[in-house]
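Asks: The structure under discussion is supplied below as structure tokens; questions concerning it will follow.
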Amino acid sequence: MTAVIQIEDKYTQQFQQFVKTLPKKAIKLTMIKNNLDEEIIKRITEIKNAKVETKPLSELSWLRDRYVQH
């Protein structure tokens, strides 16, 4: 089963203690916010270091013309 659970910050520590009471293989936690933050930081760093080619929006007019109806 997969579920998304939102925990208020003030209850985070209690939730973590609860999870520790379960058998090790009973639950797998993936911290979504941290993963997204890391991915955004990684992509920004790649752009700043010129590892990824970027184009100004003005050069993407063909894309706008293709998807936006006039």
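Counting from 1 along the sequence shown, just add 5 to a position and that's the residue number in our numbering. Note that beta-carbon positions come from the ideal geometry of N, C-alpha and C, so glycine has one too.
1) From the DSSP output, in three-state form, read off Leu65 for me.
2) By Cβ distance below 7 Å, which residues in the same chain neighbour Ile52 in space, the five residues on each side in sequence not counted?
3) Roughly how many whole angstroms lie between the Cα atoms of Gln22 and Lys33?
4) Excluding the 5 residues flanking Val24 on each side, which residues of the same chain have their C-beta closer than 8 Å to its C-beta?
Replies: Result, derived from the coordinates:
1) helix
2) Thr59
3) 14 Å
4) Ile32, Leu34
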